[in-house]
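Take the sequence shown: its position 30, counting from 1, is numbered 30 in the numbering used here, and each next residue is one higher. A virtual CB, placed ideally from N, CA and C, is assigned to each residue, including glycine. Heads up, the thing below is written out as structure tokens.
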Amino acid sequence: MSSDIDPGRTVITQVALHVIVRGLEMALTPHELDELELYDLEEVERPPGYTDMKNMIGKFPVLTRRGYHHVWVASALEADHYLELVWAGVEELNTQCLEIRAELSDGSVRVRRPDALTRLDGTTAVIDITSENGLDEGKAASFDLTADVCASIGWGYLVGSDKTLSRTRRANLNYLTSVEDIDIEPPGIDPGRTVRDLAAAYGGGSQGRMLAHAALWRQHYWINMERPLEDTSKLVRRAPAAVLFPWEPV
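Rendered as structure tokens:
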């Protein structure tokens, strides 16, 4: 990752997307990559160790619309953001699987390996996760370049941080993953009632509570995810706010 990028001084003239498929390195156009399933892409590198976040290098299971898949993560913060994406209903998610090579108008080439690629509603998006403490000028410049690259090829670019995903929300989501395999239909409870009422509509007891939590995971109902999940949590009409935001180059 290069840090001496001045988006105001240079213009992107060419973009190459390097991936590895079945052990073969390929340089693809955005259209060619969009024709592949993200799960077919192998890692271009293992996650690096962080100095600004607690390391947790390993494989993380995600359940998307296309089934279970294990992806590389380097921190709990990354894992929790990927969990948020899974909860949002992404079709595909893969990590450490892309190398971007951008040729600039001054003749230089910048190389970036973003954290992840995802697809939601048919749109491909690049993702980076960072801690606020680790977001220095060099990293911000790299994010600026990535945003410019993605805009030039019609992709989205999202950045998440420890400021956008609260500890409470992370705890709630991790708890709800225990029921992610349960496919449940909504019982017709109106918003304004509580999780306890939802559990009662499913028959009450521990079984009813489990099904109520499954309904929350399936987003048949929502609660305020910024407060701890309890039986008294009120069901709300509006979906939770997004926690990954488009990066705006400065």
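Less than 8 Å between the CB atoms is what I'm expecting for residue i and residue j, so what's the real figure, rounded?
i: Val-11; j: Ile-100; result: That pair is no contact at about 16 Å.
i: Ala-212; j: Leu-198; result: 4 Å
i: Leu-176; j: Trp-217; result: 4 Å
i: Glu-132; j: Asp-162; result: 6 Å
i: Asn-172; j: Leu-229; result: 5 Å
i: Leu-42; j: Ile-20; result: Here residue 42 is Glu; the residue named in the question, Leu, does not match the sequence. Rounded, the Cβ-Cβ distance is 4 Å, consistent with contact.
Cutting at 8 Å between CB atoms, please list the residues of its own chain near residue i, excluding the five before and the five after it.
i: Tyr-82; result: Phe-60, Val-62, Val-71, Val-73, Leu-93, Thr-95, Ala-116
i: Leu-109; result: Residue identity check: residue 109 is Val in the sequence provided, not Leu. Closer than 8 Å at the Cβ level, and outside the excluded window around Val-109, lie Arg-101, Ala-102, Glu-103.
i: Arg-9; result: For Arg-9, the pLDDT reaches just 49, beneath the cut-off of 50, and the residue's location in the model is therefore unreliable, leaving the point undetermined.
Based on DSSP bridge pairs, tell me the residues matched to residue i.
i: Phe-60; result: Val-71
i: His-18; result: Ala-27, Glu-99
i: Pro-228; result: Note: Pro-228 sits in no beta bridge, so no partner.
i: Leu-41; result: Val-21
i: Val-236; result: Trp-222
Which same chain residues, not among the five before or five after residue i, have their C-beta less than 6 Å away from its C-beta?
i: Arg-196; result: Asp-231
i: Thr-130; result: Ser-161
i: Val-90; result: Thr-64, Thr-118, Leu-120
Around the Cβ of residue i, are there at least 16 other Cβ atoms within 10 angstroms (buried) or fewer (exposed)?
i: Asp-136; result: exposed
i: Arg-209; result: buried
i: Val-111; result: exposed
i: Pro-114; result: buried
i: Ser-233; result: buried
i: Glu-25; result: exposed
i: Tyr-68; result: exposed
i: Ser-178; result: exposed
Enumerate in chain order the residues of its own chain whose CB-to-CB distance from residue i is below 7 Å, with the five nearest sequence positions on each side excluded.
i: Thr-168; result: Glu-226, Arg-227, Pro-228
i: Asp-34; result: Thr-124
Problem set entry | Residue ranges of each beta strand (DSSP E) within the segment 136 to 179, 3 or longer | 156 to 161
Problem set entry | Contained beta strand (DSSP E) runs [length at least 3] in the segment 82 to 139, N- to C-terminal order | 92 to 95, 99 to 104, 109 to 112, 116 to 120, 123 to 130
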